[in-house]
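Peer 1: One structure coming up, written as structure tokens, with questions to follow.
Protein chains in written order, with this note's numbering: chain G, 369 to 615; chain W, 57 to 320.
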């Protein structure tokens with residue numbers, strides 16, 4: 369508990385400095401509303417249900433896109449590591465797609481699937497798939513030949529060893545890839561909702577900003593920041609549990 | 057000798073062809089027969105192809121030339137009739153001791169209650185009670201190898217392939233494990249092919265020792281090493297010491313040849 373307080377002390381200091389700077393009018397109150405004002409705006413957004421409504425929409429989009437990316441990206445990575453043919457077929461696609469800024473696809477996915485959930489899920493899926501695929505590929509390629517032989521000599525078929533040996537061997541690197549993807553999903557979610565959406569955190573931030581409700585806008589930004597932080601911490605706990613067999 | 061030739065190796069050669077670099081001829085025209093329930097050691101300097109031969113019997117590589125028969129049938133793939141124990145244990149690191157031992161039984165489709173009883177019996181056999189829920193990373197080298205042996209014995213293969221199984225253990229643990237292995241082998245007789253570069257270990261454990269030549273590996277000679285009672289005191293008897301000397305001289309020549317070949 370004490371350690372947690374010490375660890376996050378800089379955040380507390382920043383918050384106090386923010387409040388002080390705003391109260392002393394060091395900046396325009398439009399550019400930097402006091403934290404107390406933001407807290408009030410946050411409470412209002414909770415009370416009228418706006419934050420929860422838009423938040424649930426965003427969480428649904430992010431979770432759906434990320435889960436698709438994990439399932440399909442993980443499968444592709446393992447398949448690329450296990451089959452030369454699949455690797456030859458997909459490696460160039462991954463290489464081309466890797467450096468592309470995925471936000472460039474926001475208009476493309478909107479063109480294909482409109483302004484609703486589908487375009488956001490597709491964008492997050494496409495963007496998050498890359499780190500998951502690369503993590504799973506590297507992890508699976510590093511899997512130990514003798515583990516494969518052991519499984520085979522105990523009666524596992526070739527296909528069975530994919531699930532029993534290659535996937536667990538790939539897990540540590542794949543989980544690191546998923547952690548990167550998790551952060552990326554927040555970026556893609558909010559930026560796509562800012563540009564083309566009628567619901568969601570990004571939409572709410574844009575709407576409140578356009579209508580001059582700056583304390584409300586900051587309240588949503590900070591909410592998203594906190595959710596991103598919490599998601600990462602929870603994921604680290606999950607990783608620790610899944611990899612508890614390591615030294 | 058009881059039993060027929062269970063493993064027949066006829067004129068087997070093997071060449072490794074790495075993606076880059078020159079092909080390496082690991083085995084040249086190896087022929088041998090291992091009888092049912094025999095403890096057979098493959099002895100030779102490192103790089104003589106003894107592990108390669110073991111992996112071919114295991115079915116991990118295709119046999120390129122010559123043929124290998126197990127129980128009269130050509131080896132085509134790995135199978136549960138041939139259990140293997142590796143030098144570096146090859147335990148599934150994400151599974152507990154218990155789950156590692158259960159793995160083969162699950163693949164064999166044994167009913168749950170039966171396989172759990174069998175796993176318990178094997179944990180007791182190798183003296184790991186109390187460590188069932190430990191992960192391999194929490195075990196000593198000797199305990200890891202006990203787990204690996206239990207895992208392989210669980211599915212009761214008629215043939216046990218052992219690839220320098222005690223090579224990564226300290227001297228005391230190794231001596232203990234050798235005695236334990238003999239005890240297990242006496243209680244549940246199996247055909248064993250035991251790869252090692254340790255002459256004393258080969259003579260102590262095996263009924264026959266095949267001495268292999270330096271690369272490309274050939275069987276140079278096969279020596280009978282059957283002693284009546286293999287209690288640990290055996291290694292100090294004159295007969296044993298003499299046998300070790302005899303085989304050591306054969307191996308030394310090959311080790312020197314191998315070294316000369318490595319030299320620029």
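Quick reminder that beta carbons are idealized off the backbone N, C-alpha and C, glycines included.
#1: Could you spell out where the beta strand (DSSP E) holding residue 416/G opens and where it closes?
#2: Count the C-beta pairs between the stretch 527–545 of chain G and the stretch 503–511 of chain G that are closer than 8 Å, then say yes if the count reaches three, no if not.
#3: For residue 615/G, which residues in chain W fall below 7 Å Cβ to Cβ?
#4: Enumerate in chain order the residues of its own chain whose CB-to-CB distance from residue 313/W is below 7 Å, with the five nearest sequence positions on each side excluded.
#5: Hey, quick one: how far does the alpha helix (DSSP H) through residue 558/G stretch, first residue to last?
#6: Report the CB separation of residue 138/W from residue 122/W in whole angstroms; it is logged as a contact under 8 Å.
#7: List the endpoints of the continuous beta strand (DSSP E) containing residue 276/W.
#8: For the putative contact between residue 550/G and residue 603/G, defined by C-beta atoms under 8 Å, what is the C-beta separation to the nearest angstrom?
#9: So with CB distances below 9 Å, who are the chain G contacts of residue 72/W?
#10: Check whether chain G comes within 9 Å of residue 234/W, counting only Cβ atoms and requiring the distance to be less than that.
#11: Any beta carbon of chain W sitting closer than 9 Å to that of residue 523/G?
#12: Just to confirm before moving on: does the CB-CB distance between residue 142/W and residue 518/G stay below 9 Å?
#13: Check each candidate in 227/W, 132/W, 95/W and name the one with the smallest Cα separation from residue 278/W.
#14: Would you say residue 485/G faces chain W, with C-beta separation under 9 Å as the test?
#15: Identify, in the order they occur along the chain, each residue of the same chain with its Cβ nearer than 6 Å to the Cβ of residue 489/G, setting aside the five sequence neighbours on each side.
#16: Below 9 Å on C-beta distance, what does residue 515/G contact in chain W?
#17: Below 8 Å CB to CB, which residues in the same chain sit around residue 195/W once its five sequence neighbours on both sides are set aside?
#18: Determine the DSSP secondary structure at residue 412/G, reduced to helix, strand or coil.
#19: Can you tell which of 127/W, 169/W, 84/W has the C-alpha that lies nearest to the C-alpha of residue 91/W?
#20: In whole angstroms, give me the CA-to-CA distance for residue 573/G and residue 414/G.
#21: Under 9 Å Cβ-Cβ, which residues of chain W neighbour residue 601/G?
#22: Can you pull the chain W neighbours of residue 371/G, defined as C-beta to C-beta under 9 Å?
#23: Could you give the residue range of the alpha helix (DSSP H) that holds residue 585/G?
#24: Chain G partners of residue 136/W, CB-CB under 9 Å?
#25: Would you report the Cα separation of residue 586/G and residue 370/G, rounded to the nearest angstrom?
#26: Compare the beta carbon distance of residue 304/W and residue 251/W with 9 Å and say whether it is the shorter of the two.
#27: With a cut-off of 8 Å, do at least 3 Cβ pairs link the stretch 556–567 of chain G to the stretch 391–399 of chain G?
#28: Please return the same chain residues whose Cβ sits closer than 7 Å to the Cβ of residue 405/G, not counting the five positions on each side in sequence.
#29: Buried or exposed: where does residue 191/W fall if 16 or more other Cβ atoms within 10 Å of its Cβ makes it buried?
#30: Can you find a C-beta in chain W that's less than 9 Å from the C-beta of residue 509/G?
#31: Any C-beta of chain G sitting closer than 9 Å to the C-beta of residue 175/W?
#32: Given a cut-off of 9 Å on the beta-carbon distance, is the pair residue 156/W and residue 78/W in contact?
#33: Can you pull the chain G residues whose beta carbon is under 7 Å from the beta carbon of residue 116/W, in chain order?
#34: Exposed or buried, residue 323/W, counting other C-beta atoms within 10 Å across all chains shown (16 or more means buried)?
#35: Residue 219/W to residue 531/G, Cα distance in whole Å?
Peer 2: Per the coordinate set shown:
#1: Reading the first chain from its first residue, position 48 is the one you call residue 416/G. No beta strand (DSSP E) holds residue 416/G; DSSP gives it neither H nor E.
#2: Counting Cβ pairs under 8 Å, three or more are found: they touch.
#3: Here the question's residue 615/G lines up with position 247 in the first chain. Ordered by position in chain W, the residues that pass the 7 Å Cβ test against residue 615/G are 193.
#4: Stepping through the second chain from its first residue, residue 313/W is reached at position 257. Result list for residue 313/W: 270, in chain order.
#5: For the purposes of this step, residue 558/G is taken as residue 190 along the first chain, with counting starting at 1. Segment 535–563, the alpha helix (DSSP H) holding residue 558/G.
#6: Taking the second chain and counting its residues from 1, the one referred to as residue 138/W is at position 82. Taking the second chain and counting its residues from 1, the one referred to as residue 122/W is at position 66. That pair is no contact at about 18 Å.
#7: Looking up residue 276/W in the second chain gives position 220. Counting along the chain, the unbroken beta strand (DSSP E) around residue 276/W starts and ends at 275–280.
#8: Position 182 of the first chain, counted from the first residue, corresponds to residue 550/G. Position 235 of the first chain, counted from the first residue, corresponds to residue 603/G. Rounded to whole angstroms, the Cβ separation of residue 550/G and residue 603/G is 6 Å, and the two are in contact under 8 Å.
#9: Here residue 72/W refers to the residue found at position 16 when the second chain is read from its first residue. In chain order: nothing, as chain G lies at least about 13 Å away.
#10: As a position in the second chain, residue 234/W is number 178, starting the count at 1. Not one chain G Cβ lies under 9 Å of residue 234/W.
#11: For the purposes of this step, residue 523/G is identified with residue 155 of the first chain, where counting begins at 1. Closer than 9 Å to some Cβ of chain W, the Cβ of residue 523/G qualifies, so yes.
#12: On the second chain, residue 142/W is found 86 positions in, with the first residue counted as 1. On the first chain, residue 518/G is found 150 positions in, with the first residue counted as 1. With respect to the 9 Å criterion, residue 142/W and residue 518/G are classified as neighbours on the basis of their beta carbons.
#13: Within the second chain, numbered from 1, the residue matching residue 278/W stands at position 222. For the residues 227/W, 132/W, 95/W, the minimum Cα distance to residue 278/W belongs to 95/W.
#14: The count along the first chain starts at 1 and reaches residue 485/G at position 117. For residue 485/G, the answer is no, since every Cβ of chain W falls outside 9 Å of its Cβ.
#15: The residue given as residue 489/G occupies position 121 in the first chain. Taken in chain order, the residues that qualify are 429, 432, 433.
#16: As a working mapping, residue 515/G is identified with position 147 in the first chain. Neighbours of residue 515/G on chain W, chain order: 146, 147, 148, 149.
#17: To locate residue 195/W, count along the second chain from 1; it is residue 139. Cβ neighbours of residue 195/W beyond the five flanking positions: 153, 187, 203.
#18: As a working note, residue 412/G is residue 44 in the first chain. Residue state, collapsed to three classes: helix.
#19: By 1-based counting over the second chain, the position of residue 91/W is 35. Of 127/W, 169/W, 84/W, the residue nearest in Cα terms is 127/W.
#20: As a first step, residue 573/G is located in the first chain; it is residue number 205 there, counting from the start. As a first step, residue 414/G is located in the first chain; it is residue number 46 there, counting from the start. Looking at the backbone, the Cα of residue 573/G and that of residue 414/G are separated by about 14 Å.
#21: By 1-based counting over the first chain, the position of residue 601/G is 233. Ordered by position in chain W, no residue passes the 9 Å Cβ test against residue 601/G, which lies about 23 Å from the chain.
#22: Here residue 371/G is taken as the residue at index 3 of the first chain, counted from 1. Within 9 Å Cβ-Cβ: nothing; residue 371/G doesn't reach chain W, min ~27 Å.
#23: Reading the first chain from its first residue, position 217 is the one you call residue 585/G. 582–610 is the span of the alpha helix (DSSP H), which, as asked, contains residue 585/G.
#24: Residue mapping note: residue 136/W aligns to position 80 of the second chain, counting from 1. Within 9 Å Cβ-Cβ: 521, 522, 523.
#25: Within the first chain, numbered from 1, the residue matching residue 586/G stands at position 218. Within the first chain, numbered from 1, the residue matching residue 370/G stands at position 2. The alpha-carbon atoms of residue 586/G and residue 370/G are separated by roughly 29 Å.
#26: What you label residue 304/W is simply residue 248 of the second chain in a count that begins at 1. What you label residue 251/W is simply residue 195 of the second chain in a count that begins at 1. With contacts defined as CB atoms closer than 9 Å, residue 304/W and residue 251/W fail to qualify as a contacting pair.
#27: The way I'd put it, the stretch 556–567 of chain G doesn't touch the stretch 391–399 of chain G; fewer than three beta-carbon pairs between them come closer than 8 Å.
#28: Start at 1 with the first residue of the first chain, and residue 405/G comes out as number 37. Cβ neighbours of residue 405/G beyond the five flanking positions: 583.
#29: Within the second chain, the letter at position 135 stands for residue 191/W. Answer is buried; the Cβ neighbour count reaches 16.
#30: Here residue 509/G corresponds to residue number 141 of the first chain, with the count starting at 1. Judged by the 9 Å Cβ criterion, residue 509/G is not in contact with chain W.
#31: Translated into the one-based positions of the second chain, residue 175/W becomes position 119. Residue 175/W does not count as touching chain G.
#32: Numbered from its first residue, the second chain carries residue 156/W at position 100. Numbered from its first residue, the second chain carries residue 78/W at position 22. The Cβ atoms of residue 156/W and residue 78/W do not sit closer than 9 Å to each other.
#33: By 1-based counting over the second chain, the position of residue 116/W is 60. Residues of chain G passing the Cβ test: 517.
#34: This structure cannot settle anything about residue 323/W, because the visible part of chain W is limited to 57 through 320.
#35: Looking up residue 219/W in the second chain gives position 163. Looking up residue 531/G in the first chain gives position 163. Answer to the nearest angstrom: the Cα atoms are 26 Å apart.
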